[in-house]
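Protein chains in written order, with this note's numbering: chain A, 1 to 50; chain B, 1 to 373. Think of the CB as a built atom: it goes at the ideal place given N, C-alpha and C, for glycine as much as any other residue. Owing to the predicted nature of the structure, the values given are computational and were not obtained by experimental measurement. First the structure, in the form of structure tokens, and then the observations on it.
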């Protein structure tokens, strides 16, 4: 499929601010341990600093 | 989403109901995560069940606040459910298969979920969008299914993605194989575009522009293509001008640069990117993009200087893209030796990346380029 761009705007933010939500940065093991302890799901945003 | 969505107060009520994990796919330390959960496109939103080591929901693309709220609500219900409906069971299976990279099998399950969907099923939009992504490599099927699904999605945000993806697929078909798919999907996409009741994000609207440009291009309407590209560029400039912070403004840099390059106006990108480089001196993106703009302006020494600044800051798979552009600059400058050495450096770097970041396909493409130099 020919696309002028195969990316979305919001993938392109080289930013780290998550003011309202307590994001864990780049630590899957920590997220798993916390989710198991709290019995809640893990929300993951996989992104790249494009 | 970091600049516009996660900071929204409407998401505060979800804060304690999920563990929130941000994965920068360019970071070597995330290689193990990427091996377990392959990410074929960005951004990717996942909801994972840590107890079962399973995916609960999966969505490719950016989301607005209402879109994300719906994804979270649906995922939480699935996570807590003691049993699932037939449609939910098929969707869960499809998400699992898609997360394992089994697109063909995933597509079958997305179709089964849609077939089993009760009236007003809340997950129809996400399922249809996921199906489109899974079959986007089959343009005829993708366009046909988009046209069939569009009436069921009219009035929802998902209609934008389904119509635009379908239109893009139709535009990529040979003219004699399109039938009326192109014209009907262009009409549907235009309908979404003109629906002012739909709270489309700038991202959604930019995607619609891209699909509409492709459609005009496929129809051989050169004048229409230029007109739409100019409109798209002005739209992005307006969105950037409305940004409240430098962080929000730079979100648009990538698409604005693409629009300027498409329009043959690379000079318009220079001031914008120089401002971003001043605002974010540790970010490799502004100089990497400046290298492209200077190259398009045939200012090769400035392009190489910008490339130097980007390479000083970039690591991971994205470094390969910066090196590829650098090789292109040398080729354009007529320095074949330096171009070859740069591609050789890219090959060596690509091979040094850890599993999860290492791409055999990328290595093969670079080696092929090197052997042809």
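> Is it a yes or a no for the stretch 107 to 116 of chain B touching the stretch 58 to 74 of chain B, going by three-plus beta-carbon pairs under 8 Å?
Replying inline: In short, these stretches do not touch, since the Cβ pair count stays below three.
>> Assuming contact is defined by CB atoms lying nearer than 8 Å, are residue 290/B and residue 277/B in contact in what I supplied?
In response: Within the second chain, the letter at position 290 stands for residue 290/B. Within the second chain, the letter at position 277 stands for residue 277/B. Yes; because the gap between Cβ atoms is below 8 Å, this pair is in contact.
>> Using CA atoms only, rank isn't needed, just tell me which of 54/B, 128/B, 82/B, 70/B is closest to residue 93/B.
In response: Walking along the second chain from the start, residue 93/B turns up at place 93. Nearest to residue 93/B by C-alpha distance, out of 54/B, 128/B, 82/B, 70/B, is 54/B.
>> For the stretch 79 to 92 of chain B against the stretch 36 to 43 of chain B, do three or more pairs of beta-carbon atoms, one drawn from each stretch, fall closer than 8 Å, so that the two count as touching?
In response: The stretch 79 to 92 of chain B is not in contact with the stretch 36 to 43 of chain B.
>> Taking its Cβ as the centre, do 16 or more other Cβ atoms sit within 10 Å of residue 115/B, making it buried, or is it exposed?
In response: What you label residue 115/B is simply residue 115 of the second chain in a count that begins at 1. Exposed is the call here.
>> Looking at chain B, is there any beta carbon in it that lies within less than 8 Å of the beta carbon of residue 43/A?
In response: To locate residue 43/A, count along the first chain from 1; it is residue 43. The C-beta of residue 43/A comes closer than 8 Å to at least one C-beta of chain B.
> Among 140/B, 152/B, 137/B, 138/B, which has the Cα closest to the Cα of residue 127/B?
Replying inline: As a position in the second chain, residue 127/B is number 127, starting the count at 1. Here the closest residue by C-alpha is 152/B.
> For residue 41/A, which residues of its own chain have a beta-carbon under 8 Å away from its beta-carbon, when the five flanking residues on both sides are left out?
Replying inline: Here residue 41/A refers to the residue found at position 41 when the first chain is read from its first residue. The answer, listed in chain order, is 35.
>> Just list the residues that DSSP pairs residue 24/A with in beta bridges.
In response: By one-based count along the first chain, residue 24/A stands at place 24. When beta bridges are read from the DSSP output, residue 24/A appears opposite 21/B.
>> If we require 4 or more residues per run, which alpha helix (DSSP H) segments fall completely within the stretch 48 to 94 of chain B?
In response: Segments of the alpha helix (DSSP H) lying fully in the stretch 48 to 94 of chain B: 65 to 80.
> At what residue ranges does the stretch 202 to 236 of chain B contain a whole run of the beta strand (DSSP E), taking only runs of 3 or more?
Replying inline: Secondary structure remark: continuous beta strand (DSSP E) runs of at least 3 residues inside the stretch 202 to 236 of chain B: none found.
> First and last residue of the beta strand (DSSP E) that includes residue 47/A?
Replying inline: Residue mapping note: residue 47/A aligns to position 47 of the first chain, counting from 1. First-last of the beta strand (DSSP E) with residue 47/A: 42 to 47.
> Should residue 324/B and residue 23/A be called a contact, given that it needs their Cβ atoms to be closer than 8 Å?
Replying inline: Residue numbering aside, residue 324/B sits at position 324 when the second chain is read from its first letter. Residue numbering aside, residue 23/A sits at position 23 when the first chain is read from its first letter. Their beta carbons are not under 8 Å apart, which means residue 324/B does not touch residue 23/A by this criterion.
> Between which two residues does the alpha helix (DSSP H) containing residue 328/B stretch?
Replying inline: For this step, residue 328/B is matched to residue 328 along the second chain. The continuous alpha helix (DSSP H) containing residue 328/B extends over residues 317 to 333.
> Based on Cα-Cα distance, which residue from 304/B, 6/B, 364/B, 78/B lies nearest to residue 62/B?
Replying inline: For this step, residue 62/B is matched to residue 62 along the second chain. Looking at the Cα atoms, 6/B is the closest of the given residues.
>> Below 7 Å on C-beta distance, what does residue 51/B contact in chain A?
In response: If you number the second chain from 1, residue 51/B lands on position 51. Near residue 51/B (Cβ distances below 7 Å), the residues of chain A are 36.
> Going along the stretch 9 to 20 of chain B in order, which residues come within less than 7 Å of chain A, judged by CB to CB distance?
Replying inline: Cβ contacts with chain A: 9, 11, 12, 15, 17, 18, 19, 20.
> Quick one: what's got a C-beta closer than 7 Å to residue 103/B's C-beta in the same chain, skipping five residues either side?
Replying inline: Numbered from 1 along the second chain, position 103 holds the residue referred to as residue 103/B. These residues qualify, in order along the chain: 134.
> When DSSP labels each residue in this structure, what does residue 44/B get in the three-state scheme?
Replying inline: On the second chain, position 44 is the one that residue 44/B refers to. DSSP places residue 44/B in strand when its eight states are reduced to three.
> Quick one: is residue 324/B near chain A, going by C-beta distance under 8 Å?
Replying inline: The residue given as residue 324/B occupies position 324 in the second chain. Chain A contact via Cβ: absent.
> In whole angstroms, what separates the C-alpha of residue 374/B from that of residue 307/B?
Replying inline: Outside the shown range of chain B (1 to 373) lies residue 374/B, about which nothing can therefore be said.
> Interface residues of chain A around residue 354/B at Cβ under 7 Å?
Replying inline: Translated into positions along the second chain, residue 354/B becomes position 354. Those within 7 Å of residue 354/B in chain A number zero; the least Cβ separation is about 14 Å.
>> Suppose you measure from the CA of residue 272/B to the CA of residue 25/A; what does that come to, to the nearest Å?
In response: The sequence position of residue 272/B within the second chain is 272, counting from 1. The sequence position of residue 25/A within the first chain is 25, counting from 1. When rounded, the distance between both Cα atoms is 29 Å.
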